[in-house]
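In this note's numbering, the protein residues as written are 162 to 468.
C-beta: ideal position from N, C-alpha, C; glycine also.
I have placed the structure first, in the form of structure tokens, so that the comments after it can refer back to it.
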Ligand code: FAD
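See the structure below:
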């Protein structure tokens, strides 16, 4: 007979690993389906300086390796597989990946969020040929080039600042006249001589055949169109919660973020959610990890009540 796990955790970011550490230490059998991009969003960043315990900072991927080792130490089984469907209609729940089928008494959804794109055909056409959403992954390819970063939040400031290590010049293109980014991040970017700002401007087309050569811009106040020469386009316009799989079954808000019903439990008893998949406000590793802890404790108590 197939093994029935105490809990299946879907996702391997800070929320998933923390939930695994707590659940495994409470003697539950834990299977983590990590997804093919194991480690989550912090695999896309360099220095993490705001996670307590790492006094002098730590590289994102290195931090996630530590999370993973700690979860393994307490017996969490891990598979680098993407979940393609979940049958929530009966317990034990059945979770399918493209490689297998697994059963559990409870589930923690910790699928996080993914970067958003503008949705322009030209953007898609030039993805990987100058258009990217990951400065950490692709910054190296833009040595001594002029690039733009699209966005107005912390991510845009962070990506632009990071890119100064490689690029000749970075222009942050933002469609409003003020930034949503925190003051400290804005100030850091503004102080950097390699960064400049282009406000009230939106990209309507990415230009180039084999590689990016520029963008077409529209002034959001006057409607005036112009072109701007650039060799790289970095998207930093926010994130989409990874909840497509659960639509119509798990309660969500209009943006697709899971809305728990009682503490971290969703509208389906025995199904819990943690991390950025529920959080459009804080979106931090520490809050995601805290959520993972809460979800594991909630589910231990829920399982105990089930007898
Ligand atoms: P995620 O990290 O998004 O992980 C989600 C996981 O779910 C991934 O492993 C993915 O593979 C998996 N998954 C998704 N769908 C499926 C599926 N169908 N099946 C199986 N698995 C699936 N935070 C900080 O605190 N400090 C920082 O310095 C910092 N810097 C950042 C820099 C950048 C560029 C970015 C993008 C984010 C940064 N953050 C930072 C935010 C932080 O990364 C997130 O808040 C945190 O990673 C959220 O954790 P999570 O576990 O909820 O989800």
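- It is roughly 46 Å from the alpha-carbon of residue 315 to the alpha-carbon of residue 468.
- Looking at the DSSP output, residue 347 shares a beta bridge with no other residue.
- Only residues of its own chain outside the window of five on either side were considered, and among them 174, 175, 209, 221, 222, 224, 225, 446 have a CB closer than 8 Å to the CB of residue 203, listed in chain order.
- Relative to the ligand FAD, residue 460 has its C-beta separated by 6 Å or more from all heavy atoms.
- Pairwise C-beta distances place the region 263 to 271 out of contact with the region 353 to 369, as fewer than three of them are shorter than 8 Å.
- A distance of 7 Å or more separates the beta carbons of residue 409 and residue 391.
- By the Cβ rule, the region 281 to 291 does not count as touching the region 400 to 420, because fewer than three pairs are nearer than 8 Å.
- Under a 10 Å Cβ-count criterion, residue 455 is classified as buried, with 16 or more other Cβ atoms of the shown protein chains found around its own Cβ.
- Excluding its 5 nearest sequence neighbours in each direction, residue 325 has C-beta neighbours in its own chain below 8 Å: 331, 353, 355, 356, listed in chain order.
- Only buried fits residue 459, as 16 or more other CB atoms lie within 10 angstroms of its CB.
- The alpha carbon of residue 273 has as its nearest neighbour, out of 370, 232, 437, 292, the alpha carbon of 437.
- For the beta strand (DSSP E) assignment, the uninterrupted runs of no fewer than 3 residues enclosed by the region 357 to 418 are, from N- to C-terminal side, 362 to 368, 375 to 380, 386 to 390, 393 to 396, 400 to 402.
- When Cβ pairs closer than 8 Å are counted between the two stretches, the region 249 to 258 is seen not to touch the region 376 to 395, the count staying below three.
- Residue 293 is bridged by DSSP to 395.
- DSSP places residue 201 in the helix class (H, G or I) of the three-state scheme.
- Closer than 6 Å to some heavy atom of the ligand FAD: that does not describe the Cβ of residue 232.
- Comparing alpha-carbon positions, the option among 199, 195, 238 lying closest to residue 164 turns out to be 238.
- Between the ligand FAD and residue 449, a heavy atom-to-CB distance of less than 6 Å is present.
- Residue pairing for residue 445: DSSP places it in no beta bridge.
- Taking a 10 Å sphere around the C-beta of residue 398, we find 16 or more other C-beta atoms and assign the residue as buried.
- For the 7 Å CB-CB criterion, residue 419 and residue 434 form a contact.
- The three-state secondary structure of residue 438, taken from DSSP, is helix.
- With a cut-off of 6 Å, the C-beta of residue 414 is classified as distant from the ligand FAD, since no heavy atom of the ligand falls inside that distance.
- Using a cutoff of 6 Å, the CB of residue 401 does not count as near the ligand FAD, since none of the ligand's heavy atoms is closer than that.
- Classified as exposed, residue 443 has fewer than 16 neighbouring CB atoms from the shown chains inside 10 Å of its CB.
- The criterion of a C-beta distance shorter than 7 Å is not satisfied by residue 333 and residue 394.
- For residue 259, the Cβ stays outside the 6 Å cut-off from all heavy atoms of the ligand FAD.
- With contacts defined by Cβ atoms closer than 7 Å, residue 181 and residue 193 form a contacting pair.
- In this chain, the alpha helix (DSSP H) harbouring residue 182 covers 175 to 186.
- In the structure shown, residue 458 adopts helical secondary structure according to DSSP, grouped into three states.
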